[in-house]
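K.L.:
Okay, handing you the structure first.
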Amino acid sequence: MNRRQRLAASAAAIALTLACGPAAAETLKIALNADIRSLDPGVNRDANSDAVVLHMVEGLVAYGEDASVKPLLAKEVAVSDDDLTYTFTLRDGVKFHNGNVLTSADVVWNWNRYMDEATKWRCRNDFAEGGAAHVVSVTAPDDKTVVFKLEKPNALFQATLARTDCGMTGILDKSSFNADGSFNVPVGTGPFRYKEWRKGEFIDLEAFADYAVRSEEKRDGYTGAKRPLVEAVRFAVIPDRSSAKAALLNGDIDIVPDVPYADVEEFKQNADTAVSLATNPGIVALLLQTRDPLLKDMRIRKAIAMALDTKSMVEGITLGLGKANNSLIPPTSKYHSPAQTQGYSYDPEAAKALLREAGYNGQPIKLIANTRYSNTYDAAIVAQAMLQQVGITAELEVLEWAAQLDRYQSGNYTAMVFPYSGRYDPALTMDSVMGNKDKEPRKVWDDPDAQAMLADAVRYSDPAKRQEIFDKLHARFLETVPFIMLYNGLEASAYQKHVQNYAASIFSMPRAWEVTIAE
224 MNRRQRLAAS
234 AAAIALTLAC
244 GPAAAETLKI
254 ALNADIRSLD
264 PGVNRDANSD
274 AVVLHMVEGL
284 VAYGEDASVK
294 PLLAKEVAVS
304 DDDLTYTFTL
314 RDGVKFHNGN
324 VLTSADVVWN
334 WNRYMDEATK
344 WRCRNDFAEG
354 GAAHVVSVTA
364 PDDKTVVFKL
374 EKPNALFQAT
384 LARTDCGMTG
394 ILDKSSFNAD
404 GSFNVPVGTG
414 PFRYKEWRKG
424 EFIDLEAFAD
434 YAVRSEEKRD
444 GYTGAKRPLV
454 EAVRFAVIPD
464 RSSAKAALLN
474 GDIDIVPDVP
484 YADVEEFKQN
494 ADTAVSLATN
504 PGIVALLLQT
514 RDPLLKDMRI
524 RKAIAMALDT
534 KSMVEGITLG
544 LGKANNSLIP
554 PTSKYHSPAQ
564 TQGYSYDPEA
574 AKALLREAGY
584 NGQPIKLIAN
594 TRYSNTYDAA
604 IVAQAMLQQV
614 GITAELEVLE
624 WAAQLDRYQS
634 GNYTAMVFPY
644 SGRYDPALTM
654 DSVMGNKDKE
664 PRKVWDDPDA
674 QAMLADAVRY
684 SDPAKRQEIF
694 DKLHARFLET
704 VPFIMLYNGL
714 EASAYQKHVQ
724 NYAASIFSMP
734 RAWEVTIAE
């Protein structure tokens, strides 16, 4: 089968997928570049899973569009003078999708489930004993009040609760689970409720008529106005980017939330489509396994950093839409100080000298990439070429996204280009990459001294003190090269012009609430 035949077959399959089930005019159709992994909040998840689940599930607090933490299921949060006790007062009238009324007992029950090791919640370690935000107790003194008590002050406690990769610590009704306690489907409080998941094809949601609308008039990140203004949402799985593009141009899909940068101008010029761009604090990095026999030598890691012209790399990959950033703190952050602008020095000759000094003799380095995130694949291709120019034998290994994610989680790689979901405080970004590899193999920056500095950044709330710590951490990051930071995320979303009030966001995930379809 030639390429034209494959595309035709793919287009036919997509048309069949979009025709299955409800085909009402009020169904908003959003493309996903891969199927989701799970519907369980923060469990066996990836960014696509988060995007779908967070239409159905909500937590006590959520991030606003400005990356600050704001109430969601809670109407207010009181913090004690010693910063150890957080008292959440629940909003009135919030219902689960089955009609049950949300109470504080539901919050406590969900918390206990998340903290059970058997659940395998992504963020359990942050709140467990030894974690930065260790929660020693959660109680419900009445139906509307939930009290969290911490072991020690933690300025990022609420920010961690709100993390999208934690499923926003979403509150589920007990009917979400089977009789044996295993997860079934999410019965949450969000603006849309679960209808069907046909694996490899689509996930269908429908508007929740009894959604408890907040008083805000405007959408605000994952809080604020969140009305379900379409009857249904279909997340259609379309892994092939060319097929997704064709589906959008043909009107079979309403939104493609992650179009290649090369297609942006075409979508802008098309009479029927529009583009929304948003920078985000997500990071794209070249990960280096510091326990690899070769890469444990800091000189080789430094040589790799010197071999990469990240400025020209990023400008080329993003077609000038994005800019290189060698700091873990995005340029949009108030903590991106002049010290954070310091980056790697592009110096091929110095790289060659370091390689000679380290005794490198052309041993191959496997560089893992995937094609689901095309910009990371492009970065791997360019990095491979630049490394070869200084004598480093980089062998590209292209994996399916799920396989790469598993290799990342287990630490089973030499090098890989990898995208991280956005974290909305620098300490959370650093925490996502930093830790003890013996306990968490997915961590890439295993440095006890750096971890001690990070603990101080979490403990202190004074911006000046935190800035000082972040600047020291950046200097150490550049010095030790645990991995190589390339650039921050940039979402380019394309959509049909009949879709009203859709916008890309700093979260790099599509949001269907407050969106309408014009007749």
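Note that my numbering has the sequence shown beginning at 224, numbered continuously upward.
Don't be surprised by glycine CBs; every beta carbon is placed ideally from N, CA and C.
Any contact of the stretch 251-267 with the stretch 397-412, i.e. 3+ C-beta pairs under 8 Å?
P.N.:
Output reads yes: the stretch 397-412 touches the stretch 251-267.
K.L.:
By Cβ distance below 7 Å, which residues in the same chain neighbour residue 667 in space, the five residues on each side in sequence not counted?
P.N.:
Counting from one through the sequence shown, the residue named residue 667 turns up at place 444. Once the five neighbours on either side are set aside, the close Cβ partners of residue 667 are 510, 656, 705, 706.
K.L.:
Quick one, which of 741, 596, 567 has its alpha-carbon nearest residue 702's?
P.N.:
Mapped onto the sequence shown, residue 702 falls at position 479. The shortest Cα separation from residue 702 among 741, 596, 567 belongs to 567.
K.L.:
Consult DSSP for residue 246 and reduce its assignment to one of helix, strand or coil.
P.N.:
To locate residue 246, count along the sequence shown from 1; it is residue 23. Residue placement at residue 246 cannot be trusted, given a pLDDT of 41 that sits under 50; what the coordinates show is reported in the next sentence. If DSSP states are grouped into helix, strand and coil, residue 246 belongs with coil.
K.L.:
For the stretch 395-403 and the stretch 429-442, state whether three or more C-beta atom pairs, one from each stretch, are separated by less than 8 Å.
P.N.:
Output reads no: the stretch 429-442 does not touch the stretch 395-403.
K.L.:
Look at the alpha carbon of residue 247 and the alpha carbon of residue 486, and state the distance between them as a whole number of angstroms.
P.N.:
What you label residue 247 is simply residue 24 of the sequence shown in a count that begins at 1. What you label residue 486 is simply residue 263 of the sequence shown in a count that begins at 1. Only weak support exists for where residue 247 lies, its pLDDT of 47 falling under 50; the value from the coordinates is given anyway. The alpha-carbon atoms of residue 247 and residue 486 are separated by roughly 29 Å.
K.L.:
Under 8 Å, with one C-beta from each stretch per pair, do the stretch 725-739 and the stretch 464-484 reach the 3-pair mark?
P.N.:
At 8 Å Cβ cutoff, the stretches touch.
K.L.:
Where does residue 366 land, buried or exposed, given buried means 16+ other C-beta within 10 angstroms?
P.N.:
Counting from one through the sequence shown, the residue named residue 366 turns up at place 143. The residue is exposed, with fewer than 16 neighbouring Cβ atoms inside 10 Å.
K.L.:
Does DSSP classify residue 741 as helix, strand or coil?
P.N.:
For the purposes of this step, residue 741 is taken as residue 518 along the sequence shown, with counting starting at 1. DSSP places residue 741 in coil when its eight states are reduced to three.
K.L.:
In this structure, does DSSP put residue 446 in helix, strand or coil?
P.N.:
The count along the sequence shown starts at 1 and reaches residue 446 at position 223. Residue 446 falls in the strand class under three-state DSSP.
K.L.:
For residue 605, which residues from the same chain have a beta carbon less than 6 Å from its beta carbon, with the 5 sequence-adjacent residues on both sides left out?
P.N.:
Translated into the one-based positions of the sequence shown, residue 605 becomes position 382. If we look at residue 605 and ignore the five residues flanking it on each side, its Cβ neighbours are 536.
K.L.:
Report buried or exposed for residue 211, applying the criterion of at least 16 other Cβ atoms within 10 angstroms of its Cβ.
P.N.:
Here the chain comprises residues numbered 224 to 742, so residue 211 is not present and cannot be evaluated.
K.L.:
Determine the extent of the alpha helix (DSSP H) in which residue 489 is found, giving its start and end residues.
P.N.:
Within the sequence shown, residue 489 is the residue found at index 266, counting from 1. Looking at the DSSP string, the run of the alpha helix (DSSP H) that includes residue 489 is 487-492.
K.L.:
Which full runs of the alpha helix (DSSP H) of 4+ residues lie inside the stretch 459-511, going along the chain?
P.N.:
Here the runs fully enclosed are 464-472, 487-492.
K.L.:
Leaving out the 5 sequence neighbours to the left and right, which residues in its chain are closer than 6 Å to residue 298 when beta-carbon positions are compared?
P.N.:
Numbered from its first residue, the sequence shown carries residue 298 at position 75. The answer, listed in chain order, is 312, 314.
K.L.:
If I follow the unbroken beta strand (DSSP E) through residue 323, where does it start and stop?
P.N.:
The residue labelled residue 323 in the question sits at position 100 within the sequence shown. Run containing residue 323: none; DSSP gives neither H nor E here.
K.L.:
List in chain order: all unbroken beta strand (DSSP E) runs of 3+ residues lying wholly within the stretch 377-437.
P.N.:
With a minimum length of 3 residues, the continuous beta strand (DSSP E) runs that stay inside the stretch 377-437 are 415-421, 425-430.
K.L.:
So who's on the other strand from residue 256, going by DSSP bridges?
P.N.:
Position 33 of the sequence shown, counting from 1, holds the residue named residue 256. Partner(s): none; residue 256 has no beta bridge.
K.L.:
Using a Cβ-Cβ cut-off of 8 Å (strictly less than) and excluding sequence neighbours within five positions of residue 332, which residues of its own chain qualify?
P.N.:
To locate residue 332, count along the sequence shown from 1; it is residue 109. So the list reads 397, once near-sequence residues are dropped.
K.L.:
Taking all protein chains shown into account, decide if residue 721 is buried (16 or more other Cβ within 10 angstroms of its Cβ) or exposed.
P.N.:
Start at 1 with the first residue of the sequence shown, and residue 721 comes out as number 498. Looking at its Cβ environment, which holds fewer than 16 other Cβ atoms inside 10 Å, residue 721 is exposed.
K.L.:
Quick check: the Cα distance between residue 392 and residue 652, rounded to an integer number of angstroms?
P.N.:
Sequence index remark: in the sequence shown, residue 392 carries index 169 (1-based). Sequence index remark: in the sequence shown, residue 652 carries index 429 (1-based). So the two alpha carbons sit approximately 18 Å from each other.
K.L.:
Write down every uninterrupted run of the beta strand (DSSP E) in the stretch 598-651 whose length is 3 residues or greater and which is fully enclosed by it, in chain order.
P.N.:
Qualifying beta strand (DSSP E) stretches, in chain order: 617-621, 638-643.
K.L.:
Report yes if the CB atom of residue 697 is closer than 8 Å to the CB atom of residue 563, and no otherwise.
P.N.:
In the sequence shown, counting from the first residue as 1, residue 697 sits at position 474. In the sequence shown, counting from the first residue as 1, residue 563 sits at position 340. It is a contact, given that the beta carbons lie within the stated cut-off.
K.L.:
On the criterion of 16 or more Cβ atoms from any shown chain inside 10 Å, does residue 360 qualify as buried, or is it exposed?
P.N.:
Sequence index remark: in the sequence shown, residue 360 carries index 137 (1-based). Residue 360 comes out exposed.
K.L.:
Am I right that residue 640 and residue 592 are in contact with their C-beta atoms under 8 Å? What's the rounded C-beta distance?
P.N.:
On the sequence shown, residue 640 is found 417 positions in, with the first residue counted as 1. On the sequence shown, residue 592 is found 369 positions in, with the first residue counted as 1. The Cβ separation is near 5 Å, so the contact holds.
K.L.:
For residue 654, does the three-state DSSP call read helix, strand or coil?
P.N.:
If you number the sequence shown from 1, residue 654 lands on position 431. The answer is helix: DSSP assigns residue 654 an H, G or I state.
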